[in-house]
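Heads up, the thing below is written out as structure tokens.
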Amino acid sequence: MGATDATATADAGIDPALVDTIQNIEDGDVLVVNGDSRTWDVTDVVDRSIEDPNDARESKRVCRLSCGASVFGLELVVHPDHYTASLHVLATEDWTEDGQVFEVHDVEILTQDVPWVVVTGGADRYHFPDPQAAAFGEARPACGGGNPGASYRIVRSNTVRPTYSGCKDCLRHEKPVALESVTCPSCSKAICHGILQGTAVGAVDGLSITCSHCDFEGVVEATLER
2 MGATDATATA DAGIDPALVD TIQNIEDGDV LVVNGDSRTW DVTDVVDRSI EDPNDARESK
62 RVCRLSCGAS VFGLELVVHP DHYTASLHVL ATEDWTEDGQ VFEVHDVEIL TQDVPWVVVT
122 GGADRYHFPD PQAAAFGEAR PACGGGNPGA SYRIVRSNTV RPTYSGCKDC LRHEKPVALE
182 SVTCPSCSKA ICHGILQGTA VGAVDGLSIT CSHCDFEGVV EATLER
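Heads up: take any position in the sequence shown, counting from 1, add 1, and you land on the working numbering.
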């Protein structure tokens, strides 16, 4: 990350989509900021009005972010005609970051809400299931990690969340996206629906299907909830 020029940031404002993303952050979310290698847990969110008549700022939203021993503050400030966003270093393992403020140009809220997850006894973390293993009735973490030699099982996510935390590798790299119901264009038979996982799922716009009802074979449109 590069330190920001606060004056330049204030003059330029930030993209409305980034404003919406920061405004939608909630306590318990998991974030990636500026594409950095760290994956942040949101441990607190505070919205505060600024009542000082000599201060041009109207209000601010501050999200406390934690990753290991590092604690940063993600701040969104509302001005009369624009917004600014910055990342403040509160505590860090890297002394070169002490006291710095970084410009924020991208924030991604990672998806944690999937219907099924993979867990093992004695652990406090869940993984996304490996789709290929699940297709054969096996339970393995999608990230390929986890506890070597451990026995995993697939469970409904609402039975372990929020008691268990999500595996950061799964959350960051699997990027689950809901697939709307796919039907046969010839006979309207429902073919499939569910969740797609993987770094390239955003590029999926069609599925090759074979209908067991009317023997249709071909590519049909796939609609993803983006």
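Glycine included, C-beta positions come from ideal geometry on N, C-alpha and C.
Drop a sphere of 10 angstroms on the beta-carbon of G147, count the other beta-carbons inside from all chains shown, and report buried for 16 or more, exposed for fewer.
-> buried
Taking Cβ positions, are L77 and K61 nearer each other than 8 Å?
-> yes
Helix, strand or coil for D170 per DSSP?
-> helix
Separation of D114 from I51, as counted between CA atoms = 34 Å
Is S50 close to chain E, meaning its C-beta is less than 8 Å from at least one C-beta of that chain?
-> Judged by its chain identifiers, the structure shown contains no chain E, having just a single protein chain.
Nearest residue (CA-CA) to P81, options E104, D99, F103 and P54 | P54
C-alpha gap between S209 and A223, whole angstroms | 10 Å
In terms of residue numbering, what span does the beta strand (DSSP E) encompassing D45 cover?
-> W41 to S50
Starting from the C-beta of A135, find all residues in its chain whose C-beta is less than 7 Å away, skip the five residues before and the five after it, and write them out in chain order.
-> I155
Whole-angstrom C-beta distance between P186 and F217, which should lie under 8 Å | 7 Å
Residues of its chain near C1, where Cβ-Cβ distance is below 8 Å and the 5 sequence neighbours each way are ignored = What is shown of the chain runs 2 to 227, which leaves residue 1 out entirely.
Assumed close pair V102, L88 - CB separation to whole angstroms, cut-off 8 Å | 7 Å
Outcome for D131 when other beta-carbon atoms lying within 10 angstroms are tallied against a minimum of 16 = buried
I15 - DSSP class collapsed to helix/strand/coil | coil
Buried or exposed (CB count within 10 angstroms, at least 16 for buried), A57 | exposed
Helix, strand or coil: which one does DSSP assign to A223?
-> coil
Could you tell me the distance, in whole angstroms, from the CA atom of P177 to the CA atom of E98?
-> 32 Å
Contacting residues, own chain, Cβ-Cβ under 6 Å from T22 (five flanking each side not counted) = V108
If you scan the region 106–133 from start to end, which runs of the alpha helix (DSSP H) of 4 or more residues do you find wholly inside it?
-> none
For Y84, which residues of its own chain have a beta-carbon under 7 Å away from its beta-carbon, when the five flanking residues on both sides are left out?
-> G14, I15, V20, L77 and V78
Measure the CB-CB distance between T40 and V31 and report whether it falls below 8 Å.
-> yes
Can you round the beta-carbon distance between P142 and C171 to whole angstroms, since I take them to be within the 8 Å contact cut?
-> 7 Å
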